[in-house]
Amino acid sequence: MSLEKIKETIFAYDKEVIDCEVLRTKNIDVIHSKIYFQGILLTGSTELPNNPFYFGELDKDNIIKQDIPSYYFSPKDESSGLGRLSIFYKNNELCLLNYSILEKSLNIKLECLSKQSLEYKDLISNTLKEQKTIQINKKQSIAKLHALLENQNLECIHGGKVILKSSKGKTFKDGGVPIMLESDLLNSSITGCPHTIANVSVPCTKVVNVKGSLSQKKVNREYAILQELISACITDKGFPLKVSFVPTKFKFDHSFDPKEGLGSEGKESGLNLEIPHLNIITPYRNLKEFYFSTNTYENAKDDFVIYKSNEEIKITFSPIKKGQDYENLESNIYLKELIENLQKDYSADLFSFRIFTLKIAYCVFEYIFIIPKTIPNFVLKHLKQNRQKEDISFGYGEFFNLEKNYARLSDERIDIQGKVFLAPSGMEKMKLKIK
């Protein structure tokens, strides 16, 4: 009798790679489980006009919004419906390997609108129907991926055009058009990128990394660039590329071993199992000592502990509880409104709230930590294998500044500056260094 599948709530962080195939092997319900990225629940989006396989929203200037998640799907073949899903949020990126656009893995629903993506989904649906009675028991499957051609429309995710010129690949042609090899694409110029930060133009100008898009085998002593993996290519501003997919006669083997994913990126060991650290850099150059408390300033009083700067310290918070778990922060009249607003995005069922107060001379700083309450079982298993038992309570993941800075007064009319962080999942202890 088969085991009942487990529904998980997964919390992911910047630069993380999660392989949905690994989740399936762990008996996790990949269809109905949920995933948060930097504290935001990923639900999917609608395909953008004239951008096949790119999903998101445009602002009034027809620029892709960066303050909400956007998605780029790279099919790995023409038969499984699986592929690499790159998720972008602000300046952060998450990669899901073996995401299924048909089953809507991890409840991420991508609505296809373009002719190309709709034809792809129809092709996959028909292929899967034909293969329904076939059982594939191979531990590793080999997919044929298509080489990138010189005349294809290749862009950065903002719409800047990559200037393609084949040199090493010019002897290999499909309909008279040469393929692109590694050195052909590396350092290629990008023109017309509209990317801005705070209304300041910060355009992508060239391609600086193509390693994640390469074939396994070489031609003319170089690896070929594969269309289905093109989102692994990175511009000089740290953003991926996108391409309008075109089938070609040049196809290359690429391994999709569940333990290895796409190249070396998808290893299950790619989970960051290191103990998280938080470094706080103060404006005080000659800082020698500081005081801290795990209470609000109003409740700390004589509870402050003295420490030397540049020494790593370990801080213990109260254990995570079920239900509402705000550590009485909502009862502080100066924090009440802030906590209520944070609760709208971070449910009491899934997140706990803790505070750390730092006192330097006559200045007070406080840091609110929003902590995902649970660590997914498949991650917890690896933590137990790779850490000492007492180190599990440092949690899994990273500290992420939510850019929700604030200032308030204490009951003694002292100015307090505050920051809000998304903390590692399950964090009850913290390693900290103050400089």
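In short: position in the sequence shown from 1, add 855, done, that's the working numbering.
Here a beta-carbon is modelled for each residue, glycine too, at the ideal position from N, C-alpha and C.
Asked                                                                                                                                                             : Found
Does the beta-carbon distance from residue 1215 to residue 1182 come in below 9 Å?                                                                                : no
Hey, which unbroken runs of the beta strand (DSSP E) at 3 residues or more fall wholly within the region 859-903?                                                 : 864-867, 872-874, 889-892 and 899-901
Decide if the region 1237-1245 is in contact with the region 1170-1180; the criterion is three or more beta carbon pairs, one per stretch, under 8 Å apart.       : no
Compute the Euclidean distance between the alpha carbons of residue 988 and residue 978, then round it to the nearest angstrom.                                   : Residue placement at residue 988 is poorly supported in this model, since its pLDDT is 38, which falls under 50; the coordinates still yield a value, given next. Looking at the two C-alpha atoms, the distance is approximately 17 Å.
Are there three or more Cβ pairs, one per stretch, closer than 8 Å when the region 1048-1061 is compared with the region 1008-1018?                               : yes
In three-state DSSP terms, what is residue 1145?                                                                                                                  : strand
Would you kindly check if the distance between the Cβ of residue 1100 and the Cβ of residue 1079 is under 9 Å?                                                    : no
Give the single residue among 1102, 1076 and 1068 whose Cα lies nearest to the Cα of residue 1088.                                                                : 1068
Between which two residues does the beta strand (DSSP E) holding residue 1193 run?                                                                                : From DSSP, residue 1193 is part of no beta strand (DSSP E) but of the alpha helix (DSSP H) over 1191-1200.
Go ahead and pull the three-state DSSP assignment for residue 1225.                                                                                               : strand
Does the separation of the CB atoms of residue 924 and residue 956 fall below 9 Å?                                                                                : no
Keeping to the same chain, check which residues put their C-beta closer than 8 Å to that of residue 958; ignore five residues upstream and five downstream.       : 885, 886 and 936
Report all residues from its chain with a CB closer than 6 Å to the CB of residue 862; omit the five preceding and five following residues, and keep chain order. : 884, 887 and 888
Taking its Cβ as the centre, do 16 or more other Cβ atoms sit within 10 Å of residue 1082, making it buried, or is it exposed?                                    : buried
What are the start and end residues of the alpha helix (DSSP H) that includes residue 1216?                                                                       : Looking at the DSSP string, residue 1216 is not in any alpha helix (DSSP H), and its letter there is neither H nor E.
In the region 935-973, which residue ranges form an unbroken alpha helix (DSSP H) of at least 4 residues, counting only runs that do not cross its ends?          : none
Around the C-beta of residue 993, are 16 or more other C-beta atoms found within 10 angstroms, so that it is buried, or is it exposed?                            : Annotation note: pLDDT 38 at residue 993 (below 50); position unreliable, no value reported.
Rounded to whole angstroms, what's the CA-CA distance from residue 1225 to residue 1139? Just pull it up for me.                                                  : 27 Å
If you run the structure through DSSP and keep just helix, strand and coil, what is residue 1082?                                                                 : helix
Can you tell me which of 1289, 1149 and 953 puts its alpha carbon nearest to the alpha carbon of residue 930?                                                     : 953
One question on the structure: do residue 949 and residue 1045 come within less than 9 Å of each other, judged by their Cβ atoms?                                 : no
Where does residue 1206 fall in DSSP's three states?                                                                                                              : strand
Using the DSSP secondary-structure output, state which residues sit across from residue 1133 in a beta bridge.                                                    : 1287
Using a Cβ-Cβ cutoff of less than 6 Å, which residues in the same chain neighbour residue 864 once the five nearest sequence positions on both sides are dropped? : 889
Please report the residue range of the beta strand (DSSP E) in which residue 1064 lies.                                                                           : 1062-1064
Nearest by alpha-carbon distance to residue 1177: which of 1207, 926, 1188 and 1196 is it?                                                                        : 1207
Going by the DSSP bridge assignment, what does residue 1268 pair with across the sheet?                                                                           : Residue 1268 pairs with nothing; no bridge assigned.
Looking at the secondary structure, which residues open and close the alpha helix (DSSP H) in which residue 1096 lies?                                            : Per DSSP, residue 1096 belongs to no alpha helix (DSSP H); it is in the beta strand (DSSP E), 1096-1098.
For residue 1148 versus residue 1212, is the C-beta distance shorter than 9 Å?                                                                                    : yes
Alpha carbon to alpha carbon, what distance is there between residue 860 and residue 1152?                                                                        : 46 Å
What would DSSP say about residue 1017, mapped onto helix, strand or coil?                                                                                        : strand
Classify residue 908 as helix, strand or coil using the three-state DSSP reduction.                                                                               : coil
Can you tell me whether DSSP reads residue 1002 as helix, strand or coil?                                                                                         : strand
Report the rounded CA-to-CA distance for residue 1291 versus residue 940, giving the unit in angstroms.                                                           : Here the chain has residues from 856 to 1290 only, and residue 1291 is not among them.
With C-beta atoms as the reference, is residue 1009 less than 9 Å away from residue 1085?                                                                         : yes
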